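Just so you know, we're using numbering that gives the first Met the number 0 here: the sequence shown kicks off at 0 and counts up by one.
Cβ coordinates follow ideal geometry from the N, Cα and C atoms, glycine included.
Model, not experiment: these values are computed from the prediction.
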Amino acid sequence: MTTSKNSPPLVGITGRRSSGTVFAGRDPRFMGVDVDNFFADYAIHIARAGGLPVYLPYDAAGPAIIDRLDAVLVTGGQDVHPSRWGGDEHVDDRMAADPTNPVSYDPARDHHEIELIRTAIEQSLPVLGVCRGHQVLNVALGGTLIPDLEPSAIEHYSTQAAPFAGDADHTITFEMGSMAESIFGSRIARNSWHHQAVDEPGAGVVIAGRASDGVVEAIEMPGKPVLGVQWHPEWQPDNDPVFAWIVAAARDR
């Protein structure tokens with residue numbers, strides 16, 4: 000879709016689908032239904048940057064939806080199923096596809112987001128992946144993941160602090176001349192809330208930023224408006240410039 004320069008560009012935002020049983024403790028009438036969940040902070044920041052946020056349920060898929068959008072934002076969430084990237088498929092049964100478990104694998108979400116990413120890139124739409132979305136972006140293009148980070152000087156996944164606290168507790172250094180460097184500068188301090196990370200980059204993907212312990216924090220596709228960030232820009236106390244970037248890229252297509 001080519002939006003008028005005077006109209007806010009449409010930015011599609013992915014989410015997750017859970018069983019209504021997660022709410023059954025509050026209201027048993029939700030038993031047996033599915034509920035789509037979207038963190039509001041993504042939409043809030045896209046709107047502040049001048050875009051028009053549009054939530055994308057799993058049913059909004061393929062070229063038909065991409066034709067109506069100006070950009071795609073793939074959000075955070077549960078781990079990508081290891082079968083998608085050649086990892087160990089003998090996964091813990093407790094992490095199998097269980098829509099009542101908000102941290103379980105979700106093969107339907109994996110399929111939905113991978114197809115969105117591939118179609119968006121084919122049609123030259125800007126794509127931004129955040130945390131899980133950063134990892135899905137790499138997987139969609141044939142890359143692999145580190146299934147569980149080894150302990151390091153940086154606590155990438157804190158079980159004590161709330162993820163939305165936004166504490167900028169580690170430094171990321173960007174590759175000179177990268178698109179990421181043009182957006183963020185050479186170094187920034189950001190939050191961290193993940194236990195997996197990008198390992199081998201996918202086809203056409205390059206590593207654009209790393210934490211001081213070597214963990215990949217940003218990936219991009221040279222010559223394309225495609226960017227993945229491992230941190231959570233929607234939970235930063237300041238206004239992360241990545242939202243202005245995706246809206247500007249959507250407007251400029």
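query, result
"Nearest-angstrom Cβ-Cβ length linking Pro125 and Ala248, presumed shorter than 8 Å", "4 Å"
"Proximity to Ile64 [Cα-Cα], best of Gly11, Ile45, Ala107", "Gly11"
"Given Leu51 as reference, the closest of Ala59, Pro81, Ile145, Asn5 once Cα atoms are compared", "Asn5"
"Rounded distance between the beta-carbons of Gly76 and Arg131, thought under 8 Å", "5 Å"
"Assigned exposure category for Arg28 - 16 Cβ within 10 Å defines buried", "exposed"
"Close-in-space but distant-in-sequence residues of the same chain around Ser177 (CB under 7 Å, 5 per side omitted)", "Ala207, Glu219"
"Between the CA atoms of Val215 and Pro200 - distance to the nearest angstrom", "10 Å"
"Alpha-carbon to alpha-carbon, Val73 and Ala119", "11 Å"
"Same chain, Cβ closer than 7 Å to Ser151, neighbours up to 5 away in sequence not counted", "Asp212"
"Own chain residues within Cβ distance below 8 Å of Asp45, not counting five before or after", "For the record, residue 45 in the displayed sequence is Ile; it is not Asp. Excluding residues within five positions, the ones whose Cβ falls inside 8 Å are Val10, Ile12, Leu51, Pro52, Leu72, Phe242, Ile245, Val246."
"Rounded distance between the beta-carbons of Glu233 and Ile40, thought under 8 Å", "Reading off the sequence, residue 40 comes out as Asp, not Ile. Indeed, because the Cβ distance is near 4 Å, the residues count as touching under 8 Å."
"Whole alpha helix (DSSP H) elements within the region 105-178, 4-residue minimum", "106-121, 131-139"
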